[in-house]
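**Student:** Please read through the structure below; I'll follow up with questions.
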Amino acid sequence: MNQEKPRVKKVVLAYSGGLDTSVAIPWIREQYGAEIVTLTVDVGQQGELTGALDRARKNGAADSRLLDRKDLFAREFLAPAIQANALYEGVYPLSTALARPLIARSLVEVAQEVGADAVAHGCTGKGNDQVRFDVAVHTLGPHLRVIAPVREWNMNRTDELEYARAHGLSVRVTPDSPYSVDENLWGRSIEGGALEHADRAAPEEVFDWTSHPSEWPAAPETLTVEFDRGVPVRLDGVALDPVSLILSMNRRAGAHGVGRIDHVEDRVVGIKSRETYECPGALALIEAHRALEALVLPRDLLSFKAGVDRRFGELVYEGLWFSPLREALAGFLRSTQEVVTGSVTLRLHQGSVRAVGRSSEYSLLSHELATYGHGSSFPQELAVGFIHLYGLPNQLAHARAVAARARLGEEGTRAPGAVLPTA
Ligand code: ARG
Numbered sequence: 008m009n010q011e012k013p014r015v016k017k018v019v020l021a022y023s024g025g026l027d028t029s030v031a032i033p034w035i036r037e038q039y040g041a042e043i044v045t046l047t048v049d050v051g052q053q054g055e056l057t058g059a060l061d062r063a064r065k066n067g068a069a070d071s072r073l074l075d076r077k078d079l080f081a082r083e084f085l086a087p088a089i090q091a092n093a094l095y096e097g098v099y100p101l102s103t104a105l106a107r108p109l110i111a112r113s114l115v116e117v118a119q120e121v122g123a124d125a126v127a128h129g130c131t132g133k134g135n136d137q138v139r140f141d142v143a144v145h146t147l148g149p150h151l152r153v154i155a156p157v158r159e160w161n162m163n164r165t166d167e168l169e170y171a172r173a174h175g176l177s178v179r180v181t182p183d184s185p186y187s188v189d190e191n192l193w194g195r196s197i198e199g200g201a202l203e204h205a206d207r208a209a210p211e212e213v214f215d216w217t218s219h220p221s222e223w224p225a226a227p228e229t230l231t232v233e234f235d236r237g238v239p240v241r242l243d244g245v246a247l248d249p250v251s252l253i254l255s256m257n258r259r260a261g262a263h264g265v266g267r268i269d270h271v272e273d274r275v276v277g278i279k280s281r282e283t284y285e286c287p288g289a290l291a292l293i294e295a296h297r298a299l300e301a302l303v304l305p306r307d308l309l310s311f312k313a314g315v316d317r318r319f320g321e322l323v324y325e326g327l328w329f330s331p332l333r334e335a336l337a338g339f340l341r342s343t344q345e346v347v348t349g350s351v352t353l354r355l356h357q358g359s360v361r362a363v364g365r366s367s368e369y370s371l372l373s374h375e376l377a378t379y380g381h382g383s384s385f386p387q388e389l390a391v392g393f394i395h396l397y398g399l400p401n402q403l404a405h406a407r408a409v410a411a412r413a414r415l416g417e418e419g420t421r422a423p424g425a426v427l428p429t430a
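In our numbering, the protein residues as written are 8 to 430.
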């Protein structure tokens with residue numbers, strides 16, 4: 008018993024069934040004297056989750072629970088992310104980041120139900136996920152202590168395996184993979200091992216949802232995504248619930264090699280790291296959503312929304328889902344989506360996804376105005392006056408610059424950073 012640790016009665020531990028969280032069960036019992044209830048949240052990670060329930064009890068948990076939150080994840084977290092075209096640093100669809108607040112909220116709910124005074128998670132002290140879990144738990148359940156064993160113990164993988172052996176733990180027999188994988192409906196993140204060397208291409212073995220170039224179909228595939236107020240509801244005319252729709256997109260886009268992301272990412276804790284993801288469905292759906300927005304939203308709204316989209320993505324990344332700012336932005340985003348209803352045709356081919364067609368009853372594109380063919384109603388003669396006034400500010404500024412140069416002469420123009428009016 009470590010006397011420095013405070014006594015804790017009951018802990019709800021977010022349990023994946025992997026080595027870290029399996030070792031955490033006896034470790035928390037020993038260090039904090041607490042009873043453990045494990046919680047496994049199904050957010051669409053692959054692999055057999057009911058096995059985790061048995062394993063948790065074998066490893067000393069008093070109770071173990073499994074919650075299927077896939078539908079909630081898709082509706083409450085992924086739908087707004089699509090509406091925001093949410094991509095951290097322009098490339099990462101935030102798959103891991105979006106699931107954390109849902110898992111944290113589930114931990115707090117179960118803690119309330121079973122009368123726990125703490126929750127625990129298996130995050131390290133170097134990543135974003137600890138920030139996301141801790142901040143969300145502090146927000147929703149400020150009375151709860153947060154225990155992060157991996158951040159507290161000083162064990163490497165070998166130490167953990169030895170600890171597991173000494174405690175007779177049942178751990179999932181996985182081949183000794185150097186990679187850390189996090190998975191849910193929205194994507195798959197792979198870290199560690201050879202991937203830590205940003206100068207080298209990711210080894211093929213890390214990929215699971217996206218096909219290798221040698222397997223890419225030679226022919227392109229087109230598919231149609233229909234949106235209702237910014238949320239995808241039909242694929243090729245077939246209405247699907249959000250979970251099935253995303254799973255289907257993952258399969259179809261992944262088969263064409265769409266969705267691989269190789270990113271040098273800026274973590275909240277100040278570290279830059281090389282991150283590798285597979286998010287085929289997310290990238291395809293965001294591409295489609297953007298194409299539809301381009302058709303139905305006016306130019307100034309599109310431009311302003313791009314800034315809101317970016318900020319929304321940053322808040323999600325930074326663990327601030329449960330914040331007034333995120334909620335206010337979500338309100339703005341929702342109101343922009345009233346007209347984002349319509350259909351987009353995507354072409355999947357050789358690792359890429361492109362929107363190649365779009366239509367909507369709310370389209371702002373007027374063929375009659377835009378056509379170069381017969382029957383255009385655009386008043387071209389008015390363009391001359393418009394252009395004159397439009398360019399007037401620059402015309403004035405340029406004339407002023409020319410006059411100033413003439414006054415100062417050659418001397419002035421040669422000085423570096425000359426104090427001359429521009430233009
Ligand atoms: N860097 C990603 C994020 O912060 C993923 C982190 C979790 N990935 C993992 N393989 N454990 O959202």
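Note that the Cβ used here is the ideal one computed from N, Cα and C, for glycine as well. Predicted, not measured: the structure shown is a model, and the values here were computed from it.
Can you look up Lys65 in the DSSP assignment and give me helix, strand or coil?
**Tutor:** If DSSP states are grouped into helix, strand and coil, Lys65 belongs with the helices.
**Student:** Around the C-beta of Tyr22, are 16 or more other C-beta atoms found within 10 angstroms, so that it is buried, or is it exposed?
**Tutor:** With 16 or more Cβ atoms within 10 Å of its Cβ, Tyr22 is classed as buried.
**Student:** Pull up the distance between the alpha-carbon of Ser196 and that of Thr283, whole angstroms please.
**Tutor:** Between Ser196 and Thr283, the C-alpha separation is close to 6 Å.
**Student:** Quick one: what's Asp189 bridged to in DSSP?
**Tutor:** For Asp189, which the question treats as bridged, DSSP gives the partners Ser196.
**Student:** What are the start and end residues of each continuous beta strand (DSSP E) run of 3 or more residues lying completely inside the region 228 to 314, in chain order?
**Tutor:** DSSP runs (the beta strand (DSSP E)) wholly in the region 228 to 314: 228 to 235, 238 to 242, 267 to 273, 279 to 285.
**Student:** Starting from the C-beta of Val265, find all residues in its chain whose C-beta is less than 8 Å away, skip the five residues before and the five after it, and write them out in chain order.
**Tutor:** Answer for Val265: Thr217, Pro287, Leu290, Ala291, Leu355, Gly358, Ser359, Val360, listed in chain order.
**Student:** Just mark Asp269 as buried or exposed, buried being the case when its beta carbon has 16 or more other beta carbons within 10 Å.
**Tutor:** Asp269 is exposed by the Cβ-count criterion.
**Student:** What does a CB cutoff of less than 6 Å around Ile32 pick up in its chain, not counting 5 residues either side in sequence?
**Tutor:** Answer for Ile32: Ile43, Asn66, Gly67, Ala68, listed in chain order.
**Student:** Could you tell me the distance, in whole angstroms, from the CA atom of Arg179 to the CA atom of Phe140?
**Tutor:** Whole-angstrom Cα-Cα distance: 24 Å.
**Student:** Quick check: does the Cβ of Ser29 come within less than 7 Å of any heavy atom belonging to the ligand ARG?
**Tutor:** For the ligand ARG, not one heavy atom lies less than 7 Å from the Cβ of Ser29.
**Student:** My parser needs the alpha helix (DSSP H) runs of 4 or more residues fully inside the region 36 to 102; what are they?
**Tutor:** Complete alpha helix (DSSP H) runs here, min 4: 57 to 65, 86 to 90.
**Student:** Please state if the CB of Thr352 and the CB of Val363 are separated by a distance shorter than 8 Å.
**Tutor:** Going by C-beta atoms, Val363 is nearer than 8 Å to Thr352.
**Student:** Give the residues whose C-beta lies closer than 5 Å to at least one heavy atom of the ligand ARG, in chain order.
**Tutor:** Result (chain order): Thr103, Ala104, Asn135, Ser187, Asp189, Ser196, Glu198, Glu282.
**Student:** Helix or strand or just coil, what does DSSP make of Ala390?
**Tutor:** Of the three classes helix, strand and coil, the one that applies to Ala390 here is helix, per DSSP.
**Student:** Please state the DSSP three-state secondary structure of Gly358.
**Tutor:** Coil, per DSSP.
**Student:** Mapping DSSP to helix, strand and coil, what is Val157?
**Tutor:** Val157 falls in the helix class under three-state DSSP.
**Student:** From Val250 to Thr231, what distance separates their C-alpha atoms?
**Tutor:** If you take the alpha carbons of Val250 and Thr231, they lie about 17 Å apart.
**Student:** Start and end of the alpha helix (DSSP H) containing Thr337?
**Tutor:** According to the sequence shown, residue 337 is Ala rather than Thr. Segment 331 to 343, the alpha helix (DSSP H) holding Ala337.
**Student:** Pick helix, strand or coil for Arg412, following the three-state DSSP scheme.
**Tutor:** Helix at Arg412.
**Student:** Kindly list the residues whose CB is nearer than 8 Å to the CB of Pro13, restricted to its own chain and excluding five residues on each side of it in sequence; keep chain order.
**Tutor:** So the qualifying residues of the chain are Tyr39, Arg152.
**Student:** Helix, strand or coil: which one does DSSP assign to Leu176?
**Tutor:** If DSSP states are grouped into helix, strand and coil, Leu176 belongs with coil.
**Student:** Would you mind stating whether Leu46 and Val18 have Cβ atoms separated by less than 8 Å?
**Tutor:** Contact flag unset, no.
**Student:** Do Leu101 and Gly320 have their C-beta atoms within less than 8 Å of each other?
**Tutor:** For Leu101 and Gly320, yes; Cβs fall inside 8 Å.
**Student:** In angstroms, rounded to a whole number, what distance separates the CA positions of Val121 and Tyr186?
**Tutor:** Rounded to the nearest angstrom, the two C-alpha atoms are 34 Å apart.
**Student:** According to DSSP, simplified to helix, strand and coil, what is Val347?
**Tutor:** Residue state, collapsed to three classes: coil.
**Student:** Which class does Arg317 belong to by DSSP, given the choice of helix, strand or coil?
**Tutor:** Arg317: helix per DSSP, three-state reduction.
**Student:** Use the C-beta contact count for Lys312: other C-beta atoms within 10 angstroms, 16 or more gives buried, fewer gives exposed.
**Tutor:** With 16 or more Cβ atoms within 10 Å of its Cβ, Lys312 is classed as buried.
**Student:** For Gly398, does the three-state DSSP call read helix, strand or coil?
**Tutor:** Gly398: helix per DSSP, three-state reduction.
**Student:** Kindly indicate which residue of His263, Arg318, Ala59, Leu340 has the alpha-carbon position closest to the one of Ala226.
**Tutor:** Measuring from the Cα of Ala226, the nearest candidate turns out to be His263.
**Student:** Closest by CA to Val188, which one among Gly132, Val245, Val126, Glu212?
**Tutor:** Among Gly132, Val245, Val126, Glu212, the Cα nearest to that of Val188 is on Glu212.
**Student:** Kindly list the residues whose CB is nearer than 6 Å to the CB of Arg62, restricted to its own chain and excluding five residues on each side of it in sequence; keep chain order.
**Tutor:** Taken in chain order, the residues that qualify are Gly24, Ser177.
**Student:** Would you kindly work out how many angstroms separate the C-alpha atoms of Leu340 and Gly175, rounded to a whole number?
**Tutor:** Using only the alpha carbons, I get a separation of about 51 Å.
**Student:** With 16 as the cutoff for other CB atoms within 10 Å, does Ile89 come out buried or exposed?
**Tutor:** By the neighbour-count rule (16 or more Cβ atoms within 10 Å), Ile89 is buried.
**Student:** Which stretch, first to last residue, makes up the alpha helix (DSSP H) that contains Ala125?
**Tutor:** Looking at the DSSP string, Ala125 is not in any alpha helix (DSSP H); the run it does join, the beta strand (DSSP E), is 125 to 127.
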